[in-house]
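Taking this note's numbering, the leading residue of the sequence shown gets 13, the next gets one more, and so forth.
All C-beta atoms in this analysis are idealised placements derived from N, C-alpha and C, irrespective of residue type, glycine included.
Computed from a predicted model, the values in this text were never measured in an experiment.
Have a look at the structure below, then the notes.
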Amino acid sequence: MTHTALFRHFGLNPTQGSMSVRTPIDGSQIGRVVSDDAPGIEAKIARAHQAFLQWREVPAPRRGELVRLFGEELRASKAELGQLVTLEAGKILQEGLGEVQEMIDICDFAVGLSRQLYGLTIASERPGHRMMETWHPLGAIGCITAFNFPVAVWAWNAALAFVCGNSVVWKPSEKTPLTALAVQALFARAAAKFGGVPEGLSQIVIGGREAGEQIARDPRLPLISATGSTAMGRAVAPLVAQRFGRSLLELGGNNAMIVAPSADLALAVRAIVFSAVGTAGQRCTSLRRLFVHESVRDRLIPALQGAYARIRIGNPQEDGVLVGPLIDMASFSRMEQALQQVRADGGAVSGGGRVLANLYPNAAYVRPAIAEMTQQTAIVKTETFAPILYVMTYEALDDAIALQNDVPQGLSSCIFTRDMQEAERFLSVSGSDCGIANVNIGPSGAEIGGAFGGEKETGGGRESGSDSWRAYMRRQTATLNYSNALPLAQGIVFDAV
Ligand code: NAD
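Right, dumping it as structure tokens:
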């Protein structure tokens with residue numbers, strides 16, 4: 013489908029405005045959008061707050077019905093939205109479709125959740141009393157998202173936020189506003205079918221860093237869920253903390269795999285390739301550090317280099333292509349700088365460098381790189397958002413775990429082993445320090461059923477499955493006295509009257 017036909021599918025006509033939208037496929041401009049100024053953002057937040065005041069009164073299972081209808085719209089437009097993700101973010105179509113499927117999955121999850129927002133009944137120490145815990149809607153939720161998952165991350169937040177009785181103000185990445193506007197159009201279709209959705213329940217703010225900061229500062233947004241670089245989190249978190257708001261931060265990762273002597277190497281190679289070069293190394297969960305037991309190094313690394321040599325790099329819209337472009341030339345420069353540093357640190361680089369420059373002079377197609385390091389230097393401890401895989405060898409598992417944990421980030425990790433003791437050690441209290449730890453699975457490609465997020469500089473937030481919904485609600489402890497006495501807690505005697 014041409015991009016104008018795609019835009020038409022979503023009722024978009026992106027020809028006006030000061031913000032230029034480019035596709036990373038060839039660097040050309042595909043549209044223009046109007047960015048919001050400060051008063052415009054202010055008005056959208058005000059509308060979202062008003063919408064929250066109405067939406068919170070709607071019973072949760074009924075709120076779930078809106079999310080169910082939205083999931084139906086996503087199913088009906090999965091192909092088109094997947095293509096738009098490919099066009100705007102540059103990921104291959106399979107991954108674009110996978111991202112939309114993730115949205116559908118979280119909608120299904122949220123629909124079920126809308127009947128399961130359970131509280132507790134707690135034993136009271138006072139006779140004739142009952143104590144309970146109730147979860148109430150929180151407010152309008154500010155959601156700031158990154159370019160690399162331009163639609164799924166919003167859905168993780170929004171599907172839960174809506175069933176929890178909240179409204180959402182979404183500031184997508186300035187690099188991917190069109191997918192956000194398309195999602196908003198699908199949401200509007202679902203809302204029209206539902207009928208009576210408060211106006212402003214789902215808002216989009218188009219803009220960059222300043223728009224994000226305005227959202228972070230606004231006290232009418234009790235929760236800011238922000239996904240992006242650690243630098244962004246460092247700027248956003250104090251703004252939210254200053255007004256005693258809550259933040260849910262999903263920041264950079266520096267994910268690792270340990271390949272133990274007993275590992276199934278063929279399986280490991282497949283997992284390494286998918287997680288290190290998939291999305292051109294631009295996933296927060298991309299594999300960046302590989303710790304290989306020295307006894308298997310000579311079998312694993314040549315097999316890996318062979319697999320890398322067979323990877324098709326090219327236009328992500330074409331069948332058979334596995335690696336599309338980096339988001340822009342600035343990203344390419346950062347990859348080049350990182351590889352330069354690797355060489356200065358004594359690392360041996362295979363791959364890397366620009367490809368297809370003749371065909372796409374304004375796009376950043378790169379060959380994924382493998383960098384063999386003798387030490388985990390500062391550049392290895394830094395997240396470079398590009399397909400660079402640092403390889404190091406180890407002798408003792410405890411050393412590999414210590415090295416794996418010796419980085420500022422704490423998102424995802426994994427071990428390939430058939431040794432039960434090693435697997436359990438990796439998952440134990442003194443094993444991986446990451447929010448995600450896998451055995452015989454790469455670090456990327458999480459399912460929505462589990463809570464997603466990481467520790468340390470990754471920000472500590474948890475989104476998506478498990479009990480992540482609690483972040484979108486406020487907890488109230490209520491004690492009810494059905495006796496004729498007024499006993500005080502802790503047995504305190506206070507006989508004033
Ligand atoms: P980025 O930090 O440049 O931008 C992310 C979002 O934050 C954008 O919407 C941007 O406009 C906004 N922003 C930037 N500075 C801001 C500020 N000072 N105040 C308010 N908003 C601000 O990130 P990116 O390049 O779009 O995405 C890549 C990064 O995101 C990587 O570090 C990646 O690991 C991370 N990421 C993390 C997760 C996760 O779940 N942990 C998921 C996806 C991406």
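The beta carbon of Pro399 sits no closer than 8 Å to any heavy atom of the ligand NAD.
By the neighbour-count criterion, in which a residue is buried when 16 or more other Cβ atoms sit within 10 angstroms of its Cβ, Ala376 is buried. Annotated as proximal: Asn450 and Ser425, with beta-carbon spacing under 9 Å. Looking at the DSSP output, Phe464 shares a beta bridge with Glu475. CA-CA distance, Val180 to Glu459, rounds to 23 Å.
Contact between the region 93-103 and the region 209-218 is absent: fewer than 3 CB-CB pairs across the two stretches fall below 8 Å. Per the coordinates, the alpha-carbon of Val304 lies some 34 Å from the alpha-carbon of Ile37. If you draw a straight line from the Cα of Gly23 to the Cα of Ala490, it is about 48 Å long. In the DSSP annotation of this structure, the continuous segment of the beta strand (DSSP E) that includes Glu145 starts and ends at His141 to Pro149. In this structure, the beta-carbon distance from Thr242 to Ile156 does not fall below 9 Å. In the three-state DSSP reduction, Gly265 falls in the coil class, being neither helix nor strand.
The Cβ atoms of Ala192 and Trp166 lie closer than 9 Å to each other. DSSP places Tyr406 in the strand class (E or B) of the three-state scheme. For Ile116, the secondary structure class from DSSP, reduced to helix, strand or coil, is helix. With the rule of 3 Cβ pairs closer than 8 Å, the region 250-262 does not count as touching the region 123-134.
Rounded to whole angstroms, the Cβ separation of Gly207 and Ala72 is 18 Å, and the two are not in contact under 8 Å. The region 79-93 and the region 58-68 do not touch, with fewer than three beta-carbon pairs separated by less than 8 Å. When DSSP states are grouped into helix, strand and coil, Thr491 belongs to the strand group.
In the three-state reduction of the DSSP assignment, Glu384 falls in the strand class.
For Gln421 against Gly265, the beta-carbon gap comes to about 5 Å, under 8 Å, which counts as contact. For Thr157, the three-state secondary structure derived from DSSP is coil. With a cut-off of 8 Å on Cβ pairs, the region 340-360 is not in contact with the region 426-434, counting fewer than three such pairs. Per DSSP, the unbroken beta strand (DSSP E) holding Met31 starts and ends at Met31 to Arg34.
Sorting Glu211, Gly454 and Gly76 by C-alpha distance to the C-alpha of Leu129 places Gly76 at the top. Across the structure, Thr14 and His21 are spaced so that their CA atoms are roughly 11 Å apart. Counting every other CB atom within 10 Å of its CB across the protein chains shown gives Ala170 a total of 16 or more, marking it as buried. Here the alpha carbons of Ile427 and Arg301 stand approximately 12 Å from one another. Relative to the non-hydrogen atoms of the ligand NAD, the Cβ of Gln294 comes within a distance shorter than 8 Å of at least one. Judged by the Cβ position, Met244 qualifies as a neighbour of the ligand NAD at the 8 Å threshold, a heavy atom of the ligand being closer than this.
Gly358 sits close to Met385, with the two beta carbons spaced by under 9 Å. Tyr372 and Gly39 have their C-alpha atoms some 8 Å from each other. For Leu415, the closest alpha carbon among the candidates Met269, Gly466, Met341 and Ile382 is that of Met269. At a Cβ-Cβ threshold of 9 Å, Phe464 and Ser480 count as neighbours.
Ser442 sits in coil when the DSSP states are folded into three classes, being neither helix nor strand. A Cβ-Cβ distance of about 7 Å is found for the pair Leu299 and Ser456, placing them in contact under the 8 Å criterion. A Cβ-Cβ contact shorter than 9 Å links Ala398 with Leu338.
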